[in-house]
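Chains D and R supply the protein sequences, listed in that same order.
Those letters in the first sequence? Residues 1 to 150, by full-length UniProt numbering.
Those letters in the second sequence? Residues 1 to 512, by full-length UniProt numbering.
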Amino acid sequence: MENAEGEKERDNTRRYNINDNHDLLAEILARLDGPSLAAAASVCRLWRAVSRRDTVWEALCNRHVAADFPGTRAVVAALGGYRRLYCRCVGPISNRLAVSGEHATTAAAVAARLSLSLSLFSIDYYERLGDGGWQRPSSLLFLRSPVDVS
Amino acid sequence: MPKDAIDTNPLVLRNTFAMGRHPYHPQPTDEDSSSASETDTLLAGVGYTVRSSDLLNVADRLEKLDSTIIAAAAAGVPPEFLCSSAVHYNPSDLASWIDSLLTEVPPQSSPSMWMDAVCLPPPSSFSIDAHRLGEEEDAGIRLVHLLMTCADSIQHDDHVLARSLIDEMRLLLPLIGVGYGIGKVSIFFLDALDRRISFLPQPTKSVLEDEILYSHFYEACPNIKFAHFTANQAILEAFNGCDRVHVIDLSLMHGLQWPALIQALALRPGGPPALRLTGIGPQTPKVGLRLAELARSVGVPFSFHAVAAGRLDSVRVKPGEAVAINSVLQLHLLLSETGPIDSVLTLIRELRPKILTVVEQEADHNKPAFLDRFTEALFYYSTLFDSLAASGGGGGRVDVGCSAPAEVYLQREICNIVCCEGSERVERHEPMGRWRVRLGRAGFEPMHLGSNAFRQASMLLKLFSSEGYGVEEVEGCLSLSWHGRLLITASAWRARADSAVAPPACHRYIVW
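Structure follows, in structure tokens:
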């Protein structure tokens, strides 16, 4: 009798798979930090697809930089999305500033980082609009872009 | 420059020597200060006996000897060679030896041999103290001294001496590491001097080449980014509360300054204003289209107007719009004797801008005397190349070291300062103090760049991998500095309310 119940429980557990509920998976991934999120994206095709959702990266960015402005989401989406913003700007900036001992503690400091990140991001977007040719997007090279998971 | 490097600027060398300190040990030791009558221990180490109290005199006399040599060379009389009796292998009293040289030396003397004897102690005594001076540094200091002497001879129109000095310097080059530091800068200045006395025509410039070099320089160091970000912050704050704004850029180039401003205006509380951008000067094709595309994406009403270089007079301002005029490294191009700086400033004044942002190099390369200009430029560009080398020439390329196109960009400036005169010499950098006077005369008053600009600039500089960059605030202007040496200064101005606008100039076609 106990065995049957135990088996029933185990069946239930086996039947519940995180991969069945993409939104829940996204919620969990949204709580990871940058490198972990990149690692999670290498697990399987499903996880890669879910981790590419911009909402996941938006949550990550907003943890680093508070987004008070209502129009921020629209602007970021237009310039290339939160994932790109994190990978090219927010992540490297936070790492670089952490190396020099700066941790954003006040709201003003956090807002300043967002502002700088967005400015650099907009320059990058502008360069990507270019013809290509000899002018490749290079304004962010000084931040030494991290490994791109795509 | 790293802390323990010797400052090879000859003026500094002379000054440190004159202050009674050994140039290779800049901090005065206890021994030096307490026993003024004793022999200087540091010079004794290299074989010279000099009383500490005499150091100032010795330096003075060395200087006199120096100028006597130059004068002798200028006299041009074939030399009676006196060196054999004066070369000094066992110097026991440096002070009296120099005295004897000064009293004995006739106007005729072989210049380069004298320099060998006087500028440097004989090689034998130097190799004794090899740990203090490598041969390379020795050669580097000598090279700098030769550069200065060559420039001086050019100022006195002695091209024969200049030519021989240049040849001598070229022989010296293999001894110095030319991949970095003083060696690298010296090559550029040496080439420029060579060009000047050879009367070679200036290489033709193409707009495309200019744009490529500018783009690499933008990427390699933070100078231009600092300029753009600081100017944008000032313009953003000036446009607070305005619904229609007009920005006039005196040199559009790639338009890299404006995406950040457009994005900031998009996110400004209260919604974006309608933005008009007028770009003057050579432009990358389709700059206007790309900026318009960006503005459309982020929801800023935008229109663009391109104006040919030098046609500031054809810019039209609509009533009711707030105008900002932006000049990044442009105004100094107008400073030649016949230059239109005053009429351009008057024109700017007539446009009634809410703010005029001026960013200029913090250096004095417009002095009338050639030697002064040369010295200043040597010092300034050494610092600039140091900073370029340290920032690795742009992220991710540690193997390349300094970015070569960025160097060429600077080399062109060096060539212009050293080789050209009159209206051809356009790189007439002036320090902010002089601009303050000039803009004040033209009817502008300074606006303080706020703490936001300062914070943003500091944060931006921290992102660059090298430790030497800093931001300094001087009388409301922000300057980018490398190890304390100011490189570029950003400032903001507005038209003074009391000064009347001058009547329009008759001749409105200004070409620059």
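Positions of the beta carbon are idealized from the N, C-alpha and C atoms, including for glycine.
Everything numeric in this text was worked out from a predicted model, so none of it was measured.
Looking at the DSSP output, residue 492 (chain R) shares a beta bridge with R:357 and R:447.
Here the alpha carbons of residue 264 (chain R) and residue 417 (chain R) stand approximately 38 angstroms from one another.
In this structure, DSSP gives residue 249 (chain R) an extended state, which the three-state scheme calls strand. The DSSP-derived three-state label of residue 240 (chain R) is coil. Going by beta carbons, residue 220 (chain R) and residue 262 (chain R) fall outside the 8 angstroms limit.
In this chain, the alpha helix (DSSP H) harbouring residue 416 (chain R) covers 404 to 419. Beyond the five residues adjoining it in sequence on each side, residue 341 (chain R) comes within less than 6 angstroms, by CB distance, of 334 and 335 in the same chain, given in chain order. Scanning chain R for C-beta atoms nearer than 9 angstroms to the C-beta of residue 102 (chain D) yields 459 and 462, reported in chain order.
CA-to-CA, the gap between residue 38 (chain D) and residue 151 (chain R) works out to about 59 angstroms. The continuous beta strand (DSSP E) containing residue 278 (chain R) extends over residues 274 to 280. In the DSSP assignment, residue 306 (chain R) forms a beta bridge with R:279. Its chain contains 22, 25, 26 and 29 as the residues whose beta carbon lies nearer than 7 angstroms to that of residue 50 (chain D), once the 5 sequence neighbours on both sides are disregarded; these appear in chain order.
For the region 69 to 81 of chain D, residues whose beta-carbon sits nearer than 8 angstroms to a beta-carbon of chain R comprise 69, 71, 72, 74, 75, 78 and 79.
Cβ neighbours of residue 76 (chain D) within its own chain (closer than 7 angstroms, five residues either side excluded): 82 and 85. Residue pairing by DSSP places residue 480 (chain R) opposite R:471 and R:488 in a beta bridge.
DSSP links residue 323 (chain R) through a beta bridge to R:246.
Here residue 46 (chain D) is exposed, its C-beta having fewer than 16 other C-beta atoms within 10 Å. With contacts defined by Cβ atoms closer than 8 angstroms, residue 136 (chain R) and residue 245 (chain R) do not form a contacting pair.
Of the candidates R:332, R:325 and R:338, the residue whose Cα lies closest to the Cα of residue 350 (chain R) is R:325.
Residue pairing by DSSP places residue 328 (chain R) opposite R:359 in a beta bridge. If you look at residue 184 (chain R), you'll find it in the alpha helix (DSSP H) that goes 181 to 198. In the DSSP assignment, residue 425 (chain R) falls outside any alpha helix (DSSP H) and carries neither an H nor an E. The criterion of a C-beta distance shorter than 8 angstroms is satisfied by residue 493 (chain R) and residue 358 (chain R).
Residue-level contact check: residue 384 (chain R) does not touch chain D, since none of the beta carbons of chain D fall below 8 angstroms from its beta carbon.
The DSSP-derived three-state label of residue 464 (chain R) is coil.
The Cβ atoms of residue 278 (chain R) and residue 211 (chain R) lie no closer than 8 angstroms to each other.
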